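Taking it in order: structure first as structure tokens, then the write-up.
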Amino acid sequence: MSLKEKLNEIIQLGLPKEYTAISYAIMVDGEIWCADTLGTSEGKPATNDHTFNVGSISKILCTTAVMQQVEQGKMDLDEPICTYLPDFWMPDARYKKITLRHCLNHSCALPGTQWKHFYTPEMTEEDIDTYYREVYYYLAHSWMKAEPGTYSVYCNDGFTLAEMAVAAVTGQPFHKYCEEHITRPLGAHSTRTAILRNPENPLTVQNKKRSELIWIQGCGGFTTTMTDLCKFGNLFLTESPVLTKASKDEMAKHQGVTFLPEDTASTCYGLGWDQVAFKDPDIEMGEGVLMKGGGTFQFISRLLVIPEYNAVLAMSKTLDCKIDVALTLPRLFAAAMLEKKGINLYKAGKVIPQEFRDKFGGDYLTPGGIYHTHFDGDTLTTTWDSLVGGREFGYKDLRFNGEYFVSADGERYFFKEHGEDIYLFETFRGRTIPASVKARDRAPLNDVWKARLGKQYLPVDVSYQDSVSTDMMCGFTVAPFKGYEGLFIAAFSASEQLYNSDRFEACCAPLNDHHAETVMRTPSNGSRDAFHPWFELRDGVEYCIAGSYVFRDAESLPEYKGESFADLPVGELNHVFRLTEELQALPEVPAGRRLMIRNEKMALVYDSQLGGDYKPVKGYISFV
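This is how it looks when you write it as structure tokens:
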């Protein structure tokens, strides 16, 4: 497995089944070790050339622009900012004491954020002056939080003023100045504010949303690829004409202030940086790690500069990815360091040996579904990636101590062979239980069983009062168990109204052409409710008797032609029809009868027993 494949596996562990895009890059010694972009943008595959809005990481670029002016003697960090912005005025006279340093270490005491026109789907260079006038108007009708320099609290307004000051001092629009003096000299050609468009580096757009163009450039308006963001981050590890070592050292000093002795968070600010001595609880990255995060309405991003390993890490995702960027990015680095240099950065436990991974890795059968094992450095995580939608965690971040795995609350987990099988045991409140068994190949499926793969089966003997089929047995699909011979999965759909995590996906192996058995057999409570599907033909139609119900092949169901309860007498089995078009209006339900609507995935979307709203769907209609 390549480094990219290993890192992508870590990322995919945290991704939902449907997401837009996520991108990352790892640079060491000025070279990109690994970079990739997963997902799509506007219906097309996202690539490493797509840019992501990195939000407040822009503050580091803004600070860089300020420090360049300080180097040239055109600005002074401790000079009042109104020196450079004579049109800046507030009714609170304390504004005259706000310095550039206060703006860059979040102690300026300004209100926080000028939200008007924060972002828009369209913008032009001609609108910049209008926006700056809006900023002045907003501040002229605002009051300060405290005396400048009293305490640091995150503040976008200070960086907006810093942006405006750079433009005023240089006589250039801020976005043009940064391109000419920062990003272009660094070779970071995709890194730009939203005003500048580049068709070679299209902006990623979160699914079904408009393009996100950020107006507040200095505090949050930059967009970039992750490889180019690494090029910018590398500025703080190498000599460069873009910024002197003295300026970089000044930015990396503890500059945050607080009036509470117990407050250690506020003091971690540098100039622009969120933290200048960042520590990860699980990954050892050395001293002096610089960290800056950024968030917008569509993106979450993070930049780490790691002096001890001469490394830069960058990651950005659309919000629908759900993944924890702060947790994931250091783990990617730890995995990369282990792979490339054999260096273990994991603090809590011992790195899991490869032979252990090979032997005990794979898929494990539980009473409710199939759990996939994921080994990452010193940790074991299991997930249930349901065939009918969703992902759930079984065990998360279990740490390996060389013998067994330990959870945060001290419970133990270990693997053990017995005969042909491998079991995953868990110790819970003093009891050790075989929680699951590893999947293994059986005799290959014959043509009869291969023909059933992909077929849907719906219950047709639901009673008036029955609720089980409402919640966890709405219908099942015969699905292949990818990677294994001779096994299939009965994947059940659940109700959309009453989601039940106990809905299950049973792993089965055929006994003959008509009968199969569950292969999950463990002592204790593990194999309590067995699922043994029995298929038979009735008048040329295939039925399946399993789990206390009779199911019918969905392909054999007649098409709904507007039948009503009056047309369909009560019989041994329910009257079930296919909805080939969206059913707009529900038939009237008489007393003592029941109407159930399932969508095309067999998930229950309406049940007259439960009431609620009905939205027109294709799928199936059952008269009970």
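Sequential numbering from 4 applies to the sequence shown in this note's numbering. Every residue, glycine too, gets a C-beta built ideally from N, C-alpha and C. Note that this is a predicted model, so its numbers are computed, not measured.
Taking 8 Å as the cut-off, the Cβ atoms of A38 and N51 count as close. By alpha-carbon distance to L540, the top candidate from R555, S551 and P526 is R555. About 24 Å separates the Cβ atoms of L240 and V169, ruling out a contact at the 8 Å cut-off.
Its Cα nearest to that of L490, the residue E508 stands out among A497, G478 and E508. Between the region 361-373 and the region 341-352, the count of Cβ pairs shorter than 8 Å is below three; the stretches do not touch. Remark: C-beta atoms of V279 and I185 do not approach each other more closely than 8 Å.
DSSP places V328 in the helix class (H, G or I) of the three-state scheme.
Less than 8 Å separates the beta-carbon of G58 from that of G298. Distances from the CA of P284 to each of E128, L332, G565 and M318 were compared; the closest alpha carbon is that of L332. With respect to L274, M294 sits apart: the two C-beta atoms are not nearer than 8 Å. Note: V308 is bridge-paired with L293 and V315 in the DSSP secondary-structure output. In this structure, the CA atom of F495 is about 13 Å from the CA atom of C511.
Taken atom to atom, the span from the alpha-carbon of A438 to that of L427 is near 6 Å.
Counting along the chain, the unbroken beta strand (DSSP E) around A438 starts and ends at R434 to K441.
Here Q258 is near N108, since their CB atoms are less than 8 Å apart.
For H105, the enclosing alpha helix (DSSP H) has its first and last residue at L103 to L107. Cβ contact annotation for T196 (same chain, cutoff 6 Å, sequence separation greater than five): H178, Q220, G224 and F225, in chain order.
D32 has its alpha-carbon roughly 12 Å from the corresponding atom of L238. In the three-state DSSP reduction, S155 falls in the coil class, being neither helix nor strand. Non-local beta-carbon contacts of R531 in its own chain, meaning distances under 8 Å to residues more than five positions away in sequence, involve P370 in chain order. Around the beta carbon of K251, 16 or more other beta carbons sit within 10 angstroms, so the residue counts as buried.
Per DSSP, the beta-bridge partners of Y374 are Y367. For E253, the enclosing alpha helix (DSSP H) stretches over residues K248 to M254. Ranked by Cα distance from A112, the options T123, F534 and L164 are led by L164. With fewer than 16 other CB atoms across the displayed protein chains lying within 10 angstroms of its CB, E34 is exposed. With a beta-carbon spacing of about 6 Å, I13 and A338 fall inside the 8 Å limit used to define contacts. Secondary structure note for G223: its alpha helix (DSSP H) is the uninterrupted segment Q220 to G223. The Cβ-Cβ distance between L330 and F302 does not fall below 8 Å. Remark: three or more beta-carbon pairs, one from each stretch, lie closer than 8 Å, so the region 452-465 and the region 555-572 are flagged as touching. Three or more beta-carbon pairs drawn from the region 391-411 and the region 14-24 are found closer than 8 Å, and the two stretches are therefore classed as touching. For T299, the secondary structure class from DSSP, reduced to helix, strand or coil, is coil. If you draw a 10 Å sphere on the C-beta of R305, you find 16 or more other C-beta atoms in it, and that means buried. In the DSSP assignment, W36 falls within the beta strand (DSSP E) that extends over E34 to S44. Within the DSSP bridge table, the entry for Y349 names I286 as partners. Using a Cβ distance threshold of 8 Å, I286 and F336 count as a contacting pair. Secondary structure at N237: helix, using DSSP grouped into helix, strand and coil.
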